[in-house]
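Asks: What follows is a single structure, and I will ask about it in a moment.
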Amino acid sequence: MDREVSPLEVVSNGQRNLHGVNPGILFKEGKQTVRINSLDAALVAPGRPRILEFDGSQPDMKGGMHFCLYNNMYPTNFPLWFEGDAVFRFEIRI
């Protein structure tokens, strides 16, 4: 979409628990900003990890942002584990 979207501005009955990001997330408070770009993990949960909660409530942003690095909630079409190492890279800009 090439634009910033606040996790608090999701339409009613929209997906408020997980967001796909490209390239990452941006925190703004006053004149201070922090950008976290994820090079390998595109899913972010605002507030707290709540991957299987569908109550439609707004996230409490005091809980921060949580990147989904590995998801084995759904045992169909995905391996429950994989051998070897995984690498997840992030760029942090202050």
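My numbering numbers the first residue of the sequence shown as 160 and each following residue consecutively. By construction, the Cβ of each residue, glycine as well, lies at the ideal position given by its N, Cα and C atoms.
1. How do the segment 208-222 and the segment 243-250 stand: do at least 3 beta-carbon pairs fall below 8 Å, yes or no?
2. State yes or no: is the C-beta of Glu-163 within less than 8 Å of the C-beta of Leu-185?
3. Identify the continuous beta strand (DSSP E) that holds Leu-228 and give its terminal residues.
4. Measuring CA to CA, which of Ile-251, Glu-188 and Pro-218 is closest to Asn-176?
5. Might you give, ordered along the chain, the residues of its own chain that have their beta carbon closer than 7 Å to the beta carbon of Gly-173, omitting 5 neighbours on each side?
6. Throw me the rounded Cβ distance for the Val-203 and Val-180 pair, which I believe falls under 8 Å.
7. Going by DSSP in three states, Leu-185 sits in which element: helix, strand or coil?
8. Could you give the DSSP three-state label for Glu-250: helix, strand or coil?
9. Could you tell me if Gly-183 is buried or exposed, where buried requires 16 or more neighbouring beta carbons within 10 angstroms of its beta carbon?
Replies: According to the structure shown:
1. no
2. yes
3. Neither: Leu-228 is in no beta strand (DSSP E) and is coded neither H nor E.
4. Pro-218
5. none
6. 5 Å
7. strand
8. strand
9. buried
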